[in-house]
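> My numbering numbers the first residue of the sequence shown as 725 and each following residue consecutively. Think of the CB as a built atom: it goes at the ideal place given N, C-alpha and C, for glycine as much as any other residue.
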Amino acid sequence: MTNNYIEILKPVGKNIAKYRKAAGFTQVQLAVEIEKSSDYIHLIEAGKRNPSLKTLAKISVILNVDIVEFFKIS
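Have a look at this one:
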């Protein structure tokens with residue numbers, strides 16, 4: 725197995741960070757809302773953690789962003 729999936733995680737994390745900031749949330753505030761640690765949010769945004777679909781859905785709802793936006797590569 726290769727690590728190509730890691731290249732997918734980077735833009736997802738970057739997009740989550742972008743939308744989180746646009747919504748006025750800190751990593752700590754988002755973590756509290758989705759019942760995860762701020763370290764977990766940091767790792768997602770750094771592309772070092774693979775969030776579950778359930779977690780992505782929670783983030784999507786909290787940030788009021790269509791989940792598809794997280795997967796767009798800019």
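Ordered along the chain, which non-local residues of its own chain (more than five positions away) have a Cβ less than 8 Å from that of A706?
The question about residue 706 has no answer here: the residues shown for the chain are numbered 725 through 798.
> Taking buried to mean at least 16 other C-beta atoms within 10 Å of its own C-beta, is M725 buried or exposed?
Here residue 725 refers to the residue found at position 1 when the sequence shown is read from its first residue. Residue confidence for M725 is low, a pLDDT of 40 falling below 50, so the modelled location carries little weight and cannot support an answer.
> State buried or exposed for K772, treating a residue as buried only when at least 16 other CB atoms are found within 10 Å of its CB.
As a position in the sequence shown, residue 772 is number 48, starting the count at 1. Answer is exposed; the Cβ neighbour count stays below 16.
> For V736, count the other beta carbons within 10 Å of its own beta carbon; 16 or more makes it buried, fewer makes it exposed. Which is it?
In the sequence shown, the residue the question calls residue 736 occupies position 12. By the neighbour-count rule (16 or more Cβ atoms within 10 Å), V736 is buried.
> DSSP three-state label for I797, please.
On the sequence shown, residue 797 is found 73 positions in, with the first residue counted as 1. In this structure, I797 counts as coil in the three-state DSSP scheme.
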